[in-house]
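Q: Before I ask anything, here is the structure I am working with.
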Amino acid sequence: MPSSTTGSLISAGVGTLRGIGPALEKKLARLGIETLQDVLFHLPFRYEDRTRVTPIGAVRPGDAYVVEGEVVACDVTYGRRRSLLAYLQDDTGKVGLRFYHFSKAQHHNLKTAGKIRCFGEIRAGASGPEIYHPEYSKLSAREPMEEALTPIYPATEGVSQGRYRSMAEQVLAMLDAEPLEELLGGDWPLSLNEAIRYLHRPPSDANTGAMLDGVHPAQSRLAFEELTAHQVSLRIVRAEIQKLTAPEMAAPAQKYEEARTAFGFTLTNAQARVSAEVAQDMMKPQPSLRLVQGDVGSGKTVIAALAATHTHENHFQTALMAPTELLAEQHFINVSSWLNPLGIKTAWLSGRVTGKKREEALARIAMGEASVVIGTHALFQKDVHFKSLGLVIVDEQHRFGVHQRLALREKGTEGNASPHQIVMTATPIPRTLSMSMYADMDVSIIDELPPGRTPITTTVLSDEKRDGVISRVADACAEGRQAYWVCTLIEESEALQCQAAESTAEELEKLLPNVRIGLVHGRMTSTAKTSVMNEFKLGNLDLLVATTVIEVGVDVPNASLMVIENSERLGLAQLHQLRGRIGRGSAASNCVLLYKKPLGTISKERLEVMRQSNDGFFIAERDLEIRGPGELLGARQSGALQFRIADLMRDQSMLQDVRSTAQTLLDHSPDDADKLVRRWIKDPERVGQV
Ligand code: ADP
Ligand code: MG
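Position one of the sequence shown corresponds to residue 1111 (my numbering), numbered consecutively onward.
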């Protein structure tokens, strides 16, 4: 086995590469690219074939080609927009090269260029094929063609494709000298190093179809290794947790019973069952970990409040963490209103609580005066000390990583005593997956909604009907109903999303002078957000224009109308979450999904699913059927399952082998198992302290 550079590749920063200064380093860090090894694992998501020249007569719109020929014309044209249009000709045909941005010099150079080689995507122009802004170079001598397919990497603003290629090139060269150590054992058609090289520099005859689907053997090789690393780390953590002890609580007593009546409603059967399961956990001397899964609006907060009461009765503290400031604050308000009257004190902590207020909160937490501490991940910063943390509750856990969650547990661990843990989520996780990747969890499902809800009627409309929708909002508000108008622009930055919400609010204010309109978005201060939310809750605002910040947890039962713009661009799980903000009161609720034309068949089917069903599990299943597995737990929905290369749905069939490989490694080569975890998983503690 060759000697290994694993250590240096893991630890050497990208700043040691040629051409990477501090500014680029920062930008790359946003993509999680910090070390040389990160460069290797940052794989292209598609490839371009620049290995051969295609006769111009054979190009087809929609695909990208290298073409060569003579520049036969080059003039400025004045259509809808001024542009520079050149024509490139070979023996088989002619293609237009169009530039919307160009200089005089470029015009001149191209006009006199003679023979050139171009690369770009073909579009169907009014008078034949065209390429917009092709890359091109003069063909004076015989330029060599690319030998490998050209990789296109997932990018962040301000880092060019050329930069990623140059980084990969440099690190691959180091890999030649000192390959990564093979840790899995067994026979593989491709070694780890070969697989990495292949994916960064596939030969011209590579099966790009398989690579696009993520099922090429080179990808499977890496995915398998990554899944094994996670499995190993979960097993190590689990083994460690099993050595710990947790507060062994007495059965729920008087306060617990009082809390049950403090809600002002009777628990549903499902809530009663799940809260009993949770209480049983806490009466055991080992740290428990329970996943409470329940659809939007099923009443998970109640489960948290009861568990916190139980913990209080046993003189321990509870930490309740939510992923956003807004949601955490809602929890704080609700839980405080239920539990404070029973003499159970609460404390509030977020990144924005600073100075004296923060010190005060920290003191109340450290002295144990505050029984239930509610906040964002600020709860787990270094200077937060609990007197006796007995229970950690993480809400909407799909927003947090597995390892972040594990780090949270560590927060409350002292010596060999650890708190109990509950994670709550509305995201349905298919059972096969939860069994293999959440093997350390028990699962409870709240499969019933509180009574008295009127189902939401959903309509799907083209945004050509937007005016009609606006007057519907006006009518609803005139009748005393409240409404949300959700602005989404998922592909753009958060800043753009906020701008969209701002301008929509302005527009609606002009069109609807009699409607009291509020605005919340992610760029407002938390005080400003909270005060708008409170006004809305109190009924002093009729219409709330918002970005997807309201996606989780916001609870205003009187709101019964929701309009979602660009709904075709959101995932179904996210739409379902958003829609769950209405249908919470006794009034019949309506959701209007606006979309932009043209709408593809898949998008049409997906919106149709939203129209038909209010059931989160059903929606997730249909989403899976329509889109295929790749995306169900795609990017943001799967925060809990963050992988660099693997995809749990796509790679499901590997899981059985992954488990046995992990076990074999742990049994026979614990050192390699350890190295494997360090290769793939960044320091869990650091992740937890964001
Ligand atoms: P989620 O599971 O989405 O977090 P919440 O805990 O926010 O749901 O509860 C949604 C709404 O339902 C809240 O207004 C809550 O007070 C109310 N609720 C919860 N349980 C019940 C119940 N058993 N009966 C009536 N209303 C309930
Ligand atoms: Mg909730």
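Here a beta-carbon is modelled for each residue, glycine too, at the ideal position from N, C-alpha and C.
Computed from a predicted model, the values in this text were never measured in an experiment.
Is the beta carbon of leucine 1249 less than 9 angstroms from the beta carbon of leucine 1220?
A: Taking 9 angstroms as the Cβ cut-off, leucine 1249 and leucine 1220 do not qualify as a contacting pair.
Q: Which same chain residues end up closer than 8 angstroms to leucine 1717 when comparing Cβ atoms and leaving out the 5 residues on each side of it in sequence?
A: Excluding residues within five positions, the ones whose Cβ falls inside 8 angstroms are Val1570, Ser1677, Glu1678, Leu1703, Tyr1705, Leu1709.
Q: In the DSSP assignment, what residue or residues form a beta bridge with arginine 1400?
A: Bridge partners of arginine 1400: Ile1532, Asp1552.
Q: Let me check understanding here. Comparing Cα to Cα, which of Val1281, Ser1314, Ala1316 lies closest to asparagine 1303?
A: Nearest option by C-alpha distance: Val1281.
Q: According to DSSP, what are the bridge partners of lysine 1225?
A: Lysine 1225 is bridged to Glu1180.
Q: In angstroms, rounded to a whole number, what distance separates the CA positions of serine 1213 and valine 1655?
A: Looking at the two C-alpha atoms, the distance is approximately 43 angstroms.
Q: To the nearest angstrom, how far is it from the Cα of histidine 1218 to the Cα of glycine 1272?
A: Distance between the alpha carbons of histidine 1218 and glycine 1272: 26 angstroms.
Q: Does the distance from the CB of threonine 1411 to the CB of leucine 1499 come in under 9 angstroms?
A: The answer is no: Cβ separation not under 9 angstroms.
Q: Which residue or residues does DSSP assign as beta-bridge partners of methionine 1431?
A: DSSP, once it has assigned bridges, lists Gly1485, Val1504 as partnering methionine 1431.
Q: Following the continuous alpha helix (DSSP H) through arginine 1373, name the residue where it begins and the one where it ends.
A: One detail in the question is off: residue 1373 reads as phenylalanine in this sequence, not arginine. Segment: none, phenylalanine 1373 is in no alpha helix (DSSP H) and carries neither H nor E.
Q: Return the chain-ordered list of same chain residues with a C-beta closer than 6 angstroms to the C-beta of histidine 1495, the five sequence neighbours on each side being excluded.
A: These residues qualify, in order along the chain: Ala1476.
Q: Between the Cα of serine 1247 and those of Ala1380, Phe1229, Leu1621, spot the shortest distance and give me the residue it belongs to.
A: Looking at the Cα atoms, Phe1229 is the closest of the given residues.
Q: State the Cα-Cα distance for the pair threonine 1657 and arginine 1468, rounded to the nearest angstrom.
A: Computed Cα separation, rounded: 29 angstroms.
Q: Count the other C-beta atoms from every protein chain shown that fall within 10 angstroms of the C-beta of lysine 1707, then say buried if there are 16 or more, exposed otherwise.
A: Per the 10 Å Cβ criterion, exposed.
Q: Any idea which residues DSSP pairs tyrosine 1175 with across the strands?
A: BP columns for tyrosine 1175 point to Gly1230.
Q: Could you tell me the distance, in whole angstroms, from the CA atom of glycine 1123 to the CA atom of alanine 1438?
A: When rounded, the distance between both Cα atoms is 36 angstroms.
Q: Counting only the same chain and skipping the five closest in sequence on each side, list residues whose C-beta sits under 8 angstroms from that of proline 1397.
A: Once the five neighbours on either side are set aside, the close Cβ partners of proline 1397 are Ile1351, Leu1354, Thr1355, Ala1356, Arg1519, Ser1528, Pro1529, His1530, Gln1531.
Q: Confirm, please, whether the CB-CB distance from valine 1445 to alanine 1418 is below 9 angstroms.
A: Cβ atoms of alanine 1418 and valine 1445: closer than 9 angstroms.
Q: Should valine 1384 be listed as close to the ligand FMN, given that the test is whether its C-beta is under 8 angstroms from any heavy atom?
A: No copy of the ligand FMN appears in this structure; the ligands present are the ligand ADP and the ligand MG.
Q: Within the continuous beta strand (DSSP E) that includes glycine 1238, where are the two ends?
A: It spans 1238-1242 - the beta strand (DSSP E) in which glycine 1238 sits, taken as one unbroken run.
Q: Run the proximity test for arginine 1156: is its beta-carbon closer than 8 angstroms to any non-hydrogen atom belonging to the ligand ADP?
A: Arginine 1156 Cβ: outside cutoff for every heavy atom of the ligand ADP.
Q: Count the other CB atoms within 10 Å of the CB of valine 1768; is the residue buried (16 or more) or exposed (fewer)?
A: So valine 1768 ends up on the buried side.
Q: Within the continuous alpha helix (DSSP H) that includes lysine 1792, where are the two ends?
A: No alpha helix (DSSP H) contains lysine 1792, which DSSP labels as neither H nor E.
Q: Does the beta-carbon of glutamate 1435, which I'm using as the reference point, lie nearer than 8 angstroms to any heavy atom of the ligand MG?
A: Every heavy atom of the ligand MG is 8 angstroms or more from the Cβ of glutamate 1435, so no.
Q: Under 8 angstroms from any heavy atom of the ligand MG, does the C-beta of methionine 1534 make it?
A: True, at least one ligand heavy atom lies under 8 angstroms from that Cβ.
Q: Please report the straight-line C-alpha distance between glycine 1203 and alanine 1234, rounded to a whole angstrom.
A: So the alpha carbons of these two residues sit roughly 14 angstroms apart.
Q: Give me the Cα-Cα distance between glycine 1092 and isoleucine 1306, rounded to the nearest whole angstrom.
A: This structure gives no information on residue 1092, because the portion of the chain shown stretches from 1111 to 1800.
Q: Just to confirm the assignment, what range does the alpha helix (DSSP H) spanning arginine 1275 have?
A: Arginine 1275 -> alpha helix (DSSP H) spans 1271-1287.
Q: Is it the case that the Cβ atoms of glycine 1407 and threonine 1378 are separated by a distance below 9 angstroms?
A: Not closer than 9 angstroms, so no.
Q: Can you tell me where the alpha helix (DSSP H) with asparagine 1424 in it begins and where it stops?
A: Neither: asparagine 1424 is in no alpha helix (DSSP H) and is coded neither H nor E.
Q: Using a threshold of 8 angstroms, is the CB atom of aspartate 1505 nearer than that to any non-hydrogen atom of the ligand MG?
A: Under cutoff, so the answer is yes.
Q: Considering Cα atoms alone, identify which of Gly1179, Met1643, Asp1185 is closest to aspartate 1201.
A: The shortest Cα separation from aspartate 1201 among Gly1179, Met1643, Asp1185 belongs to Gly1179.
Q: Based on the DSSP secondary-structure assignment, which residues constitute the bridge partners of serine 1193?
A: Serine 1193 is bridged to Thr1187.
Q: Have a look at Ser1779, Lys1639, Cys1597 and flag the residue whose alpha-carbon is nearest the alpha-carbon of isoleucine 1674.
A: That would be Cys1597, whose Cα lies nearest to the Cα of isoleucine 1674.
Q: Buried or exposed for glutamine 1766, going by 16 or more other Cβ atoms inside 10 Å?
A: Per the 10 Å Cβ criterion, exposed.
Q: Within the same chain, show all residues whose beta-carbon is closer than 6 angstroms to that of leucine 1309, passing over the 5 residues directly before and after it, in chain order.
A: Here the set comprises Leu1153, Ala1328.
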